Ligand code: DGL
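In the numbering used here, the protein residues as written are 52 to 318.
Below you can see the structure in the form of structure tokens.
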């Protein structure tokens, strides 16, 4: 038994896809969430910058005495080496392996699409992981640099139009390749899953990388007897590096519950 909190981080709203799943699976677990909203997007940065940002994110969560860290960010998960992950002083779960395993088991025709940020696609991490599970699987990866800034924007008809236009452009490659499974390789993308499905149709299974990662972390914690045995439902703590009010407003819709409060912090 371990009553310490689970740490979760992302550059912004995307990490909430992991938090939402964790809340469903383990409502009595304390959660400390960090959204580095001041520096979003991460996905257009170079590898060294992403590593530097990740170091700040880890340091913040470790200073909150968390027992496990979920990297609810495809960009960070795909740009850190196994040695860099092993150097974090608490166990971590990133999104690549859970999403790749879920996609490999969901696909019937062996063609898996991956949409993710430019930095995540450039790393080749999803593709490498999928072929390490089954070398016969074909992976088609598409970088989608326009999506995160649009998802983080104030909602408007103009943003809606731009999102649909960008998605039609990005998903064309996935359609043409005949993928029957699509990894939403950036944790922001499940927030627009309905739009993606309406373009691809019901025949394509979407894999929510944030939710898969929450499930994998919950399993690891249970297997290592590190769950909190409190019977009381816990209130998650949310920290952001800019504009807490805006985060609170947009997150309610995605989380399906009103946040207690988002606290402004520097990291
Ligand atoms: N949600 C993150 C990811 O999964 C970060 C996106 C970004 O900041 O560009 O890649």
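Idealized CB from N, CA, C, for every residue including glycine. Keep in mind that this is a model prediction, so the values were computed, not measured.
Locate the beta strand (DSSP E) running through residue i, then write down its first and last residues.
| i | result |
| --- | --- |
| residue 224 | No beta strand (DSSP E) contains residue 224, which is instead part of the alpha helix (DSSP H) from 208-228. |
| residue 292 | Unbroken run through residue 292: none, as it is neither H nor E. |
| residue 325 | Here the chain covers residues 52 to 318 and nothing more, so residue 325 does not appear. |
| residue 257 | 256-259 |
| residue 61 | 57-61 |
| residue 243 | No beta strand (DSSP E) contains residue 243, which DSSP labels as neither H nor E. |
| residue 181 | Careful: residue 181 lies outside any beta strand (DSSP E), inside the alpha helix (DSSP H) at 176-184. |
| residue 232 | 232-235 |
Answer with yes or no whether the minimum CB distance from residue i to chain C is below 8 angstroms.
| i | result |
| --- | --- |
| residue 228 | This model lacks chain C altogether; it includes just one protein chain. |
What residues in its chain sit with their C-beta under 6 angstroms from that of residue i, if we drop five residues either side in the sequence?
| i | result |
| --- | --- |
| residue 265 | 69, 72, 73 |
| residue 288 | 83 |
| residue 78 | 284 |
| residue 293 | 88, 89 |
| residue 314 | 290 |
| residue 98 | 130 |
| residue 174 | 129, 130 |
| residue 142 | 119 |
| residue 176 | 129, 147 |
Starting from the C-beta of residue i, find all residues in its chain whose C-beta is less than 8 angstroms away, skip the five residues before and the five after it, and write them out in chain order.
| i | result |
| --- | --- |
| residue 307 | 71 |
| residue 189 | 161, 162, 163, 228 |
| residue 305 | 64, 67, 68, 71, 242 |
| residue 204 | 210 |
| residue 182 | 188, 190 |
| residue 244 | 235, 257, 259 |
List the DSSP bridge partners of residue i.
| i | result |
| --- | --- |
| residue 167 | 194 |
| residue 189 | 162 |
With respect to the alpha helix (DSSP H) encompassing residue i, which residues constitute its N-terminal and C-terminal limits?
| i | result |
| --- | --- |
| residue 108 | 98-114 |
| residue 68 | 67-76 |
| residue 315 | Careful: residue 315 lies outside any alpha helix (DSSP H), inside the beta strand (DSSP E) at 313-315. |
Keeping to the same chain, check which residues put their C-beta closer than 7 angstroms to that of residue i; ignore five residues upstream and five downstream.
| i | result |
| --- | --- |
| residue 215 | 246 |
| residue 112 | 58, 60, 83, 85, 120 |
| residue 105 | 127, 131 |
| residue 230 | 162, 163, 164, 191, 255 |
| residue 200 | 92 |
| residue 301 | 64 |
| residue 152 | 184 |
| residue 109 | 120, 139 |
| residue 157 | 232, 256, 258 |
Practice task
Tell me, please, whether the segment 112-120 touches the segment 52-63 by the rule of three or more beta-carbon pairs shorter than 8 angstroms.
Solution key: Touching, yes.
Handout entry: Segments assigned beta strand (DSSP E), at least 3 residues, entirely inside the segment 110-164
Key = For the segment 110-164, whole beta strand (DSSP E) runs of length 3 or above, ordered along the chain, are 119-122.
Handout entry: the segment 274-284 / the segment 146-165 touching (three or more Cβ pairs under 8 angstroms)
Key = Segments in contact, no.
Handout entry: Touching by the beta-carbon criterion (3+ pairs, under 8 angstroms), the segment 226-238 and the segment 248-259
Key = Output reads yes: the segment 248-259 touches the segment 226-238.
Exercise for the section: Inspect the CB distances between the segment 167-186 and the segment 82-96 and report whether three or more fall short of 8 angstroms. Expected result: Touching, per the Cβ criterion.
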